[in-house]
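**Q** Residue numbers (UniProt numbering): 1 to 512. Ideal Cβ placement from N, Cα and C applies to all residues, glycine included.
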Amino acid sequence: MAKKAFNFLTLSSMILALCLVLAAPQNAMASDKDQTKAVFAQGRGISSVDPYNALGTTTSMIKFYMFNGLTKRDVKGKVVCDLAESMTKVDDNTWEFKLKKGVKFHNGEPFNAETVKFSFEMMNDPKYKFRLAKDFDFLKEIQIIDDHTVRLITKYPFAGLPLRCFNFTMLPPKYITEKGHAYFTKHPVGTGPYKLIKWLKGNKIILDAYDGYFEGAPAIKRVVYRVIPEDSSRVAALEAGEVDVISAVPTSQIERLKANPDIKVVTAPTTRVIFIGMDTIHPKYPTSNKKFRQAMNYAVDVPAIVKHIFHGNATRLATLIAPAFFGYSPNVTPYKHNPEKAKALLKEIGYKGDQVLKLSVAPGAYINNTEVAHAIAGQLQKVGVNVQVAELENSVARTQLLTKKNNPFYLLGIGGHYNDADLITRIAFGTKQRYSTFYNKKFDDLRMKAGSTLDDAKAEKAWEEVQAMLKEEAPAIFLYQQFDTYAYNKKLKNWSPRLDEMILLYGASLEK
């Protein structure tokens, strides 16, 4: 099933060649920590330590320091067992999972089949309104076979179940029953390799190793995650030895960092796709008109953005389904840059251009995203669309989307740990989904058909239909698949970039 969720052979070969090891300047690192502490930084803070309210790659990344799912994704993108010992498809609607024995939560509570059932029932309890619950609405029930065997029964055939179980992280029943959910959200307890020590919102997170971790105690005993929104500040922190790993290195800084003998730099593909969402649900916005949206796609010169802003380190996309995803079809081609065609479509619908339209962007959320937003605004101005860039804090931008109080244009990236064609098209464009402002029943039905088709050839055809409809309806200005550039301390061993962008250090170590 992992092959069905992704086809990463080509991309992962690039990653495998980069089993790199990192470090930072010796003089600076010694002043902040010893070899049992590692610090890494990205541009975004987290929104929650409650695993079922963990949205976004950064929040999910921190979650996986503390929690485990039945499955996980390895560094190459392959879906493998985690808390499960094995998984078997019994029939089209039934999967059986054998659970690992001897696993304990941070508080000593045992993990078993009752844990899986409790976690599923809690996630689906409507009183909690968990944000991730919709991602698992394909599940009908959990059947307990014995203490270490469960069966997941689905409402309909669903090819992506093994991958989704990555995000189905386990909760401690006794702890939550005794302490309550509100207490748990401030003092989380999981089965993961690290325990939460402190969360300074918007600043840093401190995690200490759990010596009872079922895969062995981590070599790095303390991990600190720092939130550094500005690209230049992250680079400066690495050069000063204040952090060991950074991501989203600006392309303008890559060559300079490569010249530093204490720092390693690597660029690697990710699962993240970047696009400009266009609101179709508010009639007051011209983006509710399909021909206007098509015009926007003709107006934007994506190849120029890839060439000049990313120096080629991105892959142009026709929709949101990247070549790495199962179901990608090369038969659906990108819009060609054609400003005259854009102007003709705008004239056809009588667009006057007298309305100021805002394009939301969260600086630092994605590589060079602010520069991309301003470039696109400039290109749209050239065809007569008055666009102003609105720079927002990431949590504000996401809240606007979740509450559907968003601007007509919004730059968004979707990727991370359990991204595939089904999930990305669902949450970006599914009716009433968290990041969607495109409500279209025909599209919902097409996506559902593709995701529930277990025959590979038939599924590929169904996904091609999904992509063709996305191009025609144009609910977004389709941009590119993001590559990420990491820079890190050469002393960090047994670590390499992941396709899902998460910086996970629990298998790594720092040499003296």
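#1: Where A229 and K204 are concerned, what is the direct C-alpha to C-alpha distance, given to the nearest angstrom?
#2: Distance check for M278 and K155, CA to CA, integer angstroms please.
#3: Taking the alpha-carbon positions, what's the V245 to K341 distance?
#4: DSSP on E109, reduced to helix/strand/coil?
#5: DSSP three-state call for A259: helix, strand or coil?
#6: Using the beta-carbon count (16 or more within 10 Å), is D82 buried or exposed?
#7: Reducing DSSP to helix, strand and coil, say where T453 ends up.
#8: Taking DSSP as the reference, what is the three-state secondary structure of T403?
#9: Ignoring anything shorter than 4 residues or poking outside the segment 203-251, list the alpha helix (DSSP H) runs there in chain order.
#10: If you scan the segment 58-146 from start to end, which runs of the alpha helix (DSSP H) of 4 or more residues do you find wholly inside it?
#11: Is the segment 236-255 close to the segment 480-489, with three or more CB pairs under 8 Å?
#12: When the Cα atoms are used, what is the spatial distance from G364 to V300?
#13: With DSSP run on the structure shown, which of helix, strand or coil describes E501?
#14: Compute the Euclidean distance between the alpha carbons of V21 and E239, then round it to the nearest angstrom.
#15: If I measure Cβ to Cβ from L70 and keep anything under 7 Å in the same chain, skipping five residues before and after, which residues do I get?
#16: Please state the DSSP three-state secondary structure of Q355.
#17: If you follow the alpha helix (DSSP H) that I367 is part of, which residue opens it and which one closes it?
#18: Compute the Euclidean distance between the alpha carbons of T58 and R226, then round it to the nearest angstrom.
#19: For the pair the segment 373-387 and the segment 344-354, tell me if three or more CB-CB distances fall below 8 Å.
#20: Which residue's Cα is closest to the Cα of R498: I142, P269, L257?
#21: Exposed or buried, which one is D92 when buried takes at least 16 other CB atoms within 10 Å?
#22: Using alpha carbons as the reference points, say which of T185, I367, D420 lies closest to S252.
#23: Taking just the CA atoms, how far does F118 sit from R131?
#24: Could you check the C-alpha separation between Y410 and A476 for me, to the nearest Å?
#25: For T453, count neighbouring C-beta atoms within 10 Å of its own C-beta (all shown protein chains included) and say buried if the count is 16 or more, exposed if not.
#26: Specify whether the segment 460-467 and the segment 170-187 touch according to this definition: at least 3 beta carbon pairs, one from each stretch, less than 8 Å apart.
#27: Go ahead and label G327 buried or exposed: buried means 16 or more other beta carbons lie within 10 angstroms of its beta carbon, across all protein chains shown.
#28: Considering only the alpha carbon of each residue, which of Q379, Q42, G241, Y210 lies closest to N260?
#29: Considering only the beta carbon of each residue, do T319 and L163 sit closer than 9 Å?
#30: Along the chain, where does the alpha helix (DSSP H) that runs through T177 open and close?
#31: Quick check on the burial criterion: 16 or more other C-beta atoms within 10 angstroms. Buried or exposed for N331?
#32: Buried or exposed, going by whether 16 or more other CB atoms sit within 10 Å of the CB of N223?
#33: Decide yes or no for the touch test of the segment 133-146 against the segment 36-47: beta carbon pairs closer than 8 Å, at least 3 of them.
#34: In terms of residues, what are the limits of the beta strand (DSSP E) holding Y480?
#35: On the CB-based measure, 16 or more other CB atoms within 10 Å of its CB, does Q26 come out buried or exposed?
#36: Just grab the DSSP bridge partners of F409 for me.
**A** Reading off the structure:
#1: It should be pointed out that residue 229 corresponds to Pro in this sequence rather than to Ala. Whole-angstrom Cα-Cα distance: 12 Å.
#2: 32 Å
#3: 45 Å
#4: E109 falls in the coil class under three-state DSSP.
#5: coil
#6: buried
#7: DSSP, read as helix, strand or coil, puts T453 in coil.
#8: Reduced to three states, the DSSP call for T403 is coil.
#9: 231-239
#10: For the segment 58-146, whole alpha helix (DSSP H) runs of length 4 or above, ordered along the chain, are 113-123.
#11: yes
#12: 22 Å
#13: coil
#14: Note that V21 scores 33 on pLDDT, short of 50, meaning its location in the model is unreliable and no value can be drawn from it.
#15: Only D82, L83, A84, F97, C165, F168 meet the Cβ criterion.
#16: coil
#17: Note, I367: premise wrong, no alpha helix (DSSP H); not H, not E.
#18: 11 Å
#19: yes
#20: P269
#21: So D92 ends up on the exposed side.
#22: I367
#23: 17 Å
#24: 9 Å
#25: buried
#26: no
#27: buried
#28: The residue among Q379, Q42, G241, Y210 with its C-alpha nearest the C-alpha of N260 is G241.
#29: no
#30: 173-179
#31: Label assigned to N331: exposed.
#32: According to the sequence displayed, residue 223 carries Val and not Asn. Buried, by the Cβ-count rule.
#33: no
#34: 476-489
#35: Model confidence at Q26 stands at a pLDDT of 34, short of 50, so the residue's coordinates are unreliable and nothing is read from them.
#36: Checking the DSSP bridge columns, you'll see F409 partnered with M278, L359.
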